[in-house]
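Read the structure below first, then the notes.
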Amino acid sequence: MDKRRRIEKAGIISFIVVLLGCTSIEIKAQNTPQKADQTKKAGVEQKSGKKGATAEEPVIDVTDDILKIDTGFVRLDVTVIDQNNTPINDLKKENFTVLENKVPQLIDSVSTEEAAISFGLVLDTSSSMRSKLFTVKEAARGLLNQLKPEDEGFLAEFNYNTQLVHNFTADKSKLQKSMDTLRTGGGTALLDAIINSSEYTAQKGRLRKKALIIISDGVERNSSLREKEVLDAIYEHEVQIYLVGFIDDGTSGNLPIDEENKEARALLTRLADSSGGRAFFPKDVDEMSAIADQIAKDLRTQYVINYYPSNEKRDGTYRAVKVIVKSDDNRKLIARTRMGYFAREDQEAQKDSKHSEIRQ
10 MDKRRRIEKA
20 GIISFIVVLL
30 GCTSIEIKAQ
40 NTPQKADQTK
50 KAGVEQKSGK
60 KGATAEEPVI
70 DVTDDILKID
80 TGFVRLDVTV
90 IDQNNTPIND
100 LKKENFTVLE
110 NKVPQLIDSV
120 STEEAAISFG
130 LVLDTSSSMR
140 SKLFTVKEAA
150 RGLLNQLKPE
160 DEGFLAEFNY
170 NTQLVHNFTA
180 DKSKLQKSMD
190 TLRTGGGTAL
200 LDAIINSSEY
210 TAQKGRLRKK
220 ALIIISDGVE
230 RNSSLREKEV
240 LDAIYEHEVQ
250 IYLVGFIDDG
260 TSGNLPIDEE
270 NKEARALLTR
280 LADSSGGRAF
290 FPKDVDEMSA
300 IADQIAKDLR
310 TQYVINYYPS
320 NEKRDGTYRA
330 VKVIVKSDDN
340 RKLIARTRMG
350 YFAREDQEAQ
360 KDSKHSEIRQ
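All the letters of the sequence shown, read from the start, carry residue numbers 10 to 369 under our numbering.
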């Protein structure tokens with residue numbers, strides 16, 4: 010009798026093992042095509058016919074390696090400077106106040122980190138940049154020289170469309186070489202480029218800290234998207250944007266040039282400030298070395314503030330954020346961070362990713 014029970018028990022266990030094995034095989038089979046679709050969903054196609062577009066290098070897909078867990082807290086990357094634009098790195102939690110929709114929040118932790126960065130270098134190659142292309146390339150090379158071994162970056166260009174020139178890589182020589190293929194032509198769709206490249210950075214960047222460095226003349230004429238949609242995407246993707254605007258004294262368009270330049274500067278400044286980044290307006294390429302140093306300093310000497318919102322609802326609403334900083338010696342300090350976020354679940358945010366159109 011005991012022997013029969015043992016045999017029956019062994020048979021049941023064997024059946025369960027086989028069943029689990031079949032289930033595992035079925036799940037794996039179902040997931041395989043999904044991976045192939047992920048690059049498609051991101052809308053990322055590599056530019057054809059260019060030496061820099063190394064198709065043999067696989068595009069990094071974050072979803073294969075990193076499990077995103079929604080813990081409910083908000084993380085802010087905060088740059089603090091004084092009136093001389095000098096970074097301040099000796100502050101403590103007590104020096105910071107975080108307001109969400111004007112309501113003070115309980116800060117969980119404040120730390121400083123010199124973290125590695127996933128960044129995108131996005132260059133305007135529209136017709137209006139023809140006389141500035143050499144300057145833009147030199148500026149971009151100066152920025153790439155700031156790349157550290159642990160960083161990763163991609164190169165994109167835009168005119169009417171946003172095109173991927175080289176996907177994420179830690180090898181800056183490949184990005185440098187890819188710039189040799191750039192040519193000007195077409196209109197300027199700056200807003201489309203920002204939203205497309207920020208989504209690509211958010212989806213494909215492996216590292217927590219993400220940034221875009223965009224070099225343009227800032228003259229927006231051909232985007233299908235409006236500024237509000239771009240701002241929403243900036244808050245959604247949590248990518249810091251640094252805009253370098255080469256705005257000269259030429260004449261173009263229907264508006265007086267002074268008014269056009271004024272609008273271009275204002276647009277670049279609004280977009281950069283909203284993300285916690287900055288806008289720069291060099292008059293000469295010689296200024297790019299100092300700008301590159303400043304961007305690198307900003308990104309590598311930031312405070313990370315974590316807090317749990319007093320409004321715990323994950324209802325998809327926009328929450329305005331402001332960080333106030335006070336020094337112990339009454340110096341006037343300025344804190345820069347993103348101006349808000351959407352309180353939604355990670356999965357819901359991923360469903361809304363629909364604008365990315367970086368083409369091959």
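Just so you know, even glycine gets a beta-carbon here, dropped at the ideal spot from N, CA and C.
Please specify which runs of the alpha helix (DSSP H), each continuous and at least 4 residues long, are wholly inside the stretch 280 to 344, giving them in chain order.
297 to 309
Could you check what DSSP says for GLU54 in three-state terms: helix, strand or coil?
In the sequence shown, the residue the question calls residue 54 occupies position 45. Any answer about GLU54 is weak, because its pLDDT of 45 lies below 50 and its placement is not dependable; what the coordinates show is given next. DSSP places GLU54 in coil when its eight states are reduced to three.
Reference SER232, options ALA299, PHE351, PHE167 and TYR251, closest by Cα:
Residue numbering aside, residue 232 sits at position 223 when the sequence shown is read from its first letter. Nearest of ALA299, PHE351, PHE167 and TYR251 to SER232, Cα basis: PHE167.
Mind checking whether SER206 and VAL131 have CB atoms under 9 Å apart?
Indexing the sequence shown from 1 puts residue 206 at position 197. Indexing the sequence shown from 1 puts residue 131 at position 122. Closer than 9 Å, so yes.
Taking the beta strand (DSSP E) that VAL107 falls in, what are its first and last residues?
Residue numbering aside, residue 107 sits at position 98 when the sequence shown is read from its first letter. Run containing VAL107: 105 to 109, per the beta strand (DSSP E) assignment.
Going by C-alpha distance, which of VAL334, GLN303 and ALA148 is nearest ILE224?
On the sequence shown, residue 224 is found 215 positions in, with the first residue counted as 1. With distances taken between Cα atoms, ILE224 lies closest to ALA148.
Between LEU199 and the rest of its own chain, which residues show a CB-CB distance below 6 Å, the 5 nearest in sequence each way excluded?
What you label residue 199 is simply residue 190 of the sequence shown in a count that begins at 1. The residues are SER225 and GLU229.
Give a yes or no on whether the C-beta atoms belonging to LYS331 and ALA352 are separated by under 9 Å.
For this step, residue 331 is matched to residue 322 along the sequence shown. For this step, residue 352 is matched to residue 343 along the sequence shown. Not closer than 9 Å, so no.
Beta-carbon contacts of GLY349 that lie in its chain and below 7 Å, excluding the five residues immediately before and after
Numbered from 1 along the sequence shown, position 340 holds the residue referred to as residue 349. Taken in chain order, the residues that qualify are TYR244, TYR327, ARG328, ALA329 and VAL330.
Spatial distance of GLU66 from ASN339 (CA atoms):
Numbered from its first residue, the sequence shown carries residue 66 at position 57. Numbered from its first residue, the sequence shown carries residue 339 at position 330. Reliability fails at GLU66, whose pLDDT of 38 lies under 50, so the model's placement of it is uncertain and no value is given.
Where the beta strand (DSSP E) containing THR178 begins and where it ends:
Taking the sequence shown and counting its residues from 1, the one referred to as residue 178 is at position 169. From DSSP, the beta strand (DSSP E) with THR178 extends over 171 to 178.
Leaving out five residues before and five after CYS31 in sequence, what residues of the same chain have Cβ atoms less than 7 Å from its Cβ?
Counted from its first residue, the sequence shown places residue 31 at position 22. Low confidence applies here, because CYS31 scores a pLDDT of 42, under 50, leaving its location unreliable and the question unanswered by this model.
Could you check what DSSP says for LYS218 in three-state terms: helix, strand or coil?
Here residue 218 refers to the residue found at position 209 of the sequence shown. LYS218 falls in the strand class under three-state DSSP.
Could you compute how far the alpha carbon of GLU247 sits from the alpha carbon of THR190?
Here residue 247 refers to the residue found at position 238 of the sequence shown. Here residue 190 refers to the residue found at position 181 of the sequence shown. If I take the Cα positions, the gap works out to 30 Å.
When DSSP builds the beta bridges, which residues end up paired with PRO96?
As a first step, residue 96 is located in the sequence shown; it is residue number 87 there, counting from the start. ILE90.
Below 8 Å on the Cβ atoms is my guess for ALA344 versus VAL87; work out the distance and round it to an integer in Å.
Within the sequence shown, numbered from 1, the residue matching residue 344 stands at position 335. Within the sequence shown, numbered from 1, the residue matching residue 87 stands at position 78. Going by Cβ atoms, the distance from ALA344 to VAL87 rounds to 5 Å, so yes, they are a contact pair.
Could you check the C-alpha separation between ASP282 and LYS186 for me, to the nearest Å?
What you label residue 282 is simply residue 273 of the sequence shown in a count that begins at 1. What you label residue 186 is simply residue 177 of the sequence shown in a count that begins at 1. Their Cα atoms are separated by approximately 31 Å.
Tell me whether ASP267 sits in a helix, a strand or coil according to DSSP, three-state version.
Stepping through the sequence shown from its first residue, residue 267 is reached at position 258. Reduced to three states, the DSSP call for ASP267 is helix.
Inter-stretch contact at 8 Å, needing at least 3 Cβ pairs: the stretch 162 to 177 / the stretch 123 to 130:
yes
Distance, Cα to Cα, ASP117 vs GLU103?
Numbered from its first residue, the sequence shown carries residue 117 at position 108. Numbered from its first residue, the sequence shown carries residue 103 at position 94. So the two alpha carbons sit approximately 11 Å from each other.
When you compare only the Cα positions, how much space is there between VAL239 and ILE126?
For the purposes of this step, residue 239 is identified with residue 230 of the sequence shown, where counting begins at 1. For the purposes of this step, residue 126 is identified with residue 117 of the sequence shown, where counting begins at 1. Going from the Cα of VAL239 to the Cα of ILE126 covers about 22 Å.
Relative to the alpha-carbon of THR193, which residue among ALA242, ASP307, LEU142 and GLY227 has its alpha-carbon at the smallest distance?
Within the sequence shown, residue 193 is the residue found at index 184, counting from 1. Of the listed residues, the one whose Cα sits closest to THR193 is LEU142.
LEU252: buried (16+ other C-beta within 10 angstroms of its C-beta) or exposed?
Residue mapping note: residue 252 aligns to position 243 of the sequence shown, counting from 1. Buried, since its Cβ has 16 or more Cβ neighbours within 10 Å.
Whole-Å CB distance - THR316 paired with GLN155, under 8 Å assumed:
As a working mapping, residue 316 is identified with position 307 in the sequence shown. As a working mapping, residue 155 is identified with position 146 in the sequence shown. In the sequence under discussion, the amino acid at residue 316 is Tyr, which differs from the Thr named in the question. Wrong, their Cβ atoms sit about 30 Å apart, outside the cutoff.
Taking the beta strand (DSSP E) that THR121 falls in, what are its first and last residues?
Walking along the sequence shown from the start, residue 121 turns up at place 112. Segment 116 to 122, the beta strand (DSSP E) holding THR121.
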